[in-house]
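Chain order of the listed sequences is A and B.
According to this note's numbering, the first sequence is numbered sequentially starting from 1.
According to this note's numbering, the second sequence is numbered sequentially starting from 202.
Note that CB positions come from ideal geometry on N, CA and C, so glycine has one too.
Have a look at the structure below before the remarks.
Protein chains: 2
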Amino acid sequence: MSRKIAGPEIERMIQFLAKLPGLGPRSARRAALHLIKQKDQLFVPLTAALEEALHKVVICTNCGNVDTVDPCTVCTDLRRDRTVICVVEEVGDLWALERASAISGQYHVVGGTLSALDGIGPDDLNIASLVERAAGDEVAEVLLALNATVDGQTTAHYITDRLAGCSVRVSRLAHGVPVGGELDYLDDGTLAAAVKARRPF
Amino acid sequence: MSRKIAGPEIERMIQFLAKLPGLGPRSARRAALHLIKQKDQLFVPLTAALEEALHKVVICTNCGNVDTVDPCTVCTDLRRDRTVICVVEEVGDLWALERASAISGQYHVVGGTLSALDGIGPDDLNIASLVERAAGDEVAEVLLALNATVDGQTTAHYITDRLAGCSVRVSRLAHGVPVGGELDYLDDGTLAAAVKARRPF
C-alpha cells in the first residue's frame with residue numbers, strides 16, 4: 001500500500017476522480033491539485049455544477065435521452081419531424097448525431113445491444129417501448145443508427161423483425177468511406193462496402 | 202455555435218469538466234454521460250467527495266503543502282527528520298517524493314519558479330518563509346528538489362544565494378540515468394551529466 005499523502009477527504013476525491021473515463025490515478029491527482037489551485041475559478045463552480053446537474057438530470061421516459069426535463073427537449077420540439085424515429089444504442093450516440101445536426105426527427109435510445117455473452121436479452125433494452133412508438137399513426141420510418149459492430153447489427157436485425165407488424169419503413173445508416181478519410185488507412189470491410197454501394201458521380 | 206444538446210445544467214457540468222487537465226470537450230461529454238449512467242456508484246459519491254474536500258482543503262502555512270489540517274500531517278509528524286528541508290516547486294512534486302518514500306525530512310513548497318518572461322519574481326514565491334525556516338536551530342540541510350529545467354535551476358541558484366546567511370548545507374538532487382532507463386533513449390545532457398558524476402562500482 002502506498003503512503004497516504006493528503007487528508008482522507010482529498011484521497012477520496014482523487015479516488016473518485018480516477019474513476020472518470022479518460023482519467024487514471026496519476027491524472028486524477030493532477031486534476032485534484034489543479035482544482036485546489038484554481039479554487040475559485042474551477043473547484044467551486046465545478047462542484048456547484050455537478051451538484052446542480054445531479055439533482056436535475058432525468059431520463060426521458062419517451063425516448064431514453066438524458067435531459068433536465070421529461071419529456072426531453074428533443075421530444076417536445078415541435079419543429080422536429082415526427083415521422084422519423086432514429087434508434088441509437090446510447091445517449092452519447094444521440095449527442096453525436098445532434099452535434100452533426102444529422103437528424104431532424106425523433107430518437108429512441110435502446111440502451112445497449114443484445115449480447116449473449118454478457119447475458120443481455122431483448123427485455124434488458126428499451127425495445128418494447130420502441131415498437132409501441134413505431135406503431136403510432138405519425139411514424140413512417142425507423143432509422144437504425146446502431147454501431148456497425150457484430151452486436152449492433154444483431155440488434156438491428158432483431159429490431160427489424162420486431163417492427164415487422166408496424167407499417168413503418170426500416171432503414172439503416174450507409175456504410176462507406178468516412179468523409180475526409182484516406183483509402184489507404186481504411187479496413188477491407190469498409191472498402192468492400194463502399195465499392196458495393198457505389199453511387200453515380 | 203453548436204446546437205445545445207442537453208439542459209443548461211448538464212452543459213455547464215460538461216463545460217467545467219472539460220477544464221480538468223487530461224479532459225477535453227469530447228472526453229468531458231463522455232465523463233458526464235458516465236456519471237449520469239453510474240449515478241449511485243459514481244455521480245453521487247464524487248459530488249459528495251468534491252463538496253467535502255472543497256470545504257476541508259487548506260494550504261499548510263508552514264510548508265505550503267495541501268492537506269485538510271494546518272499545519273499539515275507532514276509538518277506535525279514527529280517521526281520525520283526535522284534537520285532536512287526538501288524544497289519543491291509544486292505540491293505535485295511533494296506528492297511524487299512522498300509516493301516514492303524518498304524523503305524522510307520536511308518540505309517547503311515555493312509555488313513555482315522565477316521567470317522573467319512570466320514576470321514571476323522572488324516576492325511571488327514562498328522564498329522568504331523558507332529562509333526564515335532555514336535560519337531555525339534544528340535545520341542542518343536544505344535539499345533543492347526543483348525541476349531540472351532552466352527556470353528550476355535559476356530558482357535553485359537564487360535560493361542558494363539567499364540561504365548564504367544561514368548555517369545550512371545546501372544540496373540538490375543527483376542528475377543521471379533514470380533507474381530502468383535505456384541509454385539509447387536518453388538526451389545528450391543527461392548522458393553527459395551521468396558520465397561526469399560516475400561512481401565506483
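Assign residue i to one of two classes, buried (16 or more other C-beta atoms within 10 Å of its C-beta) or exposed (fewer than that).
i, result
"V88 of chain A", "buried"
"G225 of chain B", "exposed"
"R199 of chain A", "exposed"
"E138 of chain A", "exposed"
"G181 of chain A", "exposed"
"E333 of chain B", "exposed"
"L347 of chain B", "buried"
"Y386 of chain B", "exposed"
"V258 of chain B", "buried"
"R300 of chain B", "exposed"
"R230 of chain B", "buried"
"L35 of chain A", "buried"
"A31 of chain A", "buried"
"A335 of chain B", "buried"
By Cβ distance, which residues of its chain are closer than 6 Å to residue i, with the 5 residues on each side in sequence left out?
i, result
"T154 of chain A", "L114"
"K238 of chain B", "none"
"A194 of chain A", "G176, V177"
"L191 of chain A", "none"
"D389 of chain B", "none"
"C166 of chain A", "A134, A135"
With distances taken Cα to Cα, identify the nearest neighbour of residue i among the options.
i, options, result
"R162 of chain A", "A:P21, A:T73, A:L125", "A:L125"
"R373 of chain B", "B:V259, B:I360, B:G381", "B:I360"
"L150 of chain B", "B:V311, B:A317, B:G366", "Only positions 202 to 402 of chain B appear in the structure, and residue 150 of chain B is not among them; the question remains open."
"R26 of chain A", "B:P222, B:R227, B:S228", "B:P222"
"W95 of chain A", "A:L78, A:T73, A:A116, A:H175", "A:T73"
"F164 of chain A", "A:V177, A:L130, A:L146", "Phe is not the amino acid found at residue 164 of chain A; the sequence shown has Ala there. Closest option to A164 of chain A, Cα to Cα, is A:L130."
"L97 of chain A", "B:A207, B:P379, B:R280, B:A232", "B:A207"
"D294 of chain B", "A:P71, A:C60, A:L33", "A:L33"
"A398 of chain B", "B:D389, B:A375, B:T262, B:D388", "B:A375"
"L243 of chain B", "A:L54, A:A135, A:A31", "A:L54"
Once the 5 residues before and after residue i are set aside, which same chain residues still bring their CB inside 8 Å of it?
i, result
"I120 of chain A", "G112, T113, L114"
"M202 of chain B", "Reliability of the predicted coordinates at M202 of chain B is poor, the pLDDT of 36 falling under 50, and the value obtained from them is presented with this limitation in mind. So no residue of the chain qualifies."
"P246 of chain B", "none"
"D151 of chain A", "T113, L114, S115"
"T350 of chain B", "T314"
"V380 of chain B", "none"
"A183 of chain A", "First, the amino acid is wrong: residue 183 of chain A is Leu here, not Ala. Cβ neighbours of L183 of chain A beyond the five flanking positions: V177, L191."
"T76 of chain A", "V69"
"D324 of chain B", "none"
"I328 of chain B", "V311, Y359, I360, R363"
"T262 of chain B", "D271, P272"
Leaving out five residues on either side along the sequence, give the residues of the same chain with a beta carbon under 7 Å from the beta carbon of residue i.
i, result
"E141 of chain A", "T83, V84, V168, R169, S171"
"D40 of chain A", "none"
"H157 of chain A", "none"
Q) If you scan the region 312 to 349 of chain B from start to end, which runs of the alpha helix (DSSP H) of 4 or more residues do you find wholly inside it? A) 329 to 335
(Q) Can you confirm whether the region 301 to 308 of chain B touches the region 275 to 292 of chain B when touching is taken to mean that 3 or more C-beta pairs between the two stretches lie within less than 8 Å? (A) yes
Q.
For the structure I just gave you, are there three or more beta carbon pairs, one from the region 255 to 269 of chain B and one from the region 88 to 99 of chain A, closer than 8 Å?
A. no
Q. Considering only residues of the region 29 to 83 of chain A, which uninterrupted alpha helix (DSSP H) runs meet the minimum length of 4 residues and lie entirely inside it, listed in chain order?
A. 44 to 56, 73 to 76
**Q.** the region 38 to 51 of chain A touching the region 213 to 222 of chain B, judged by at least three CB pairs closer than 8 Å
**A.** yes
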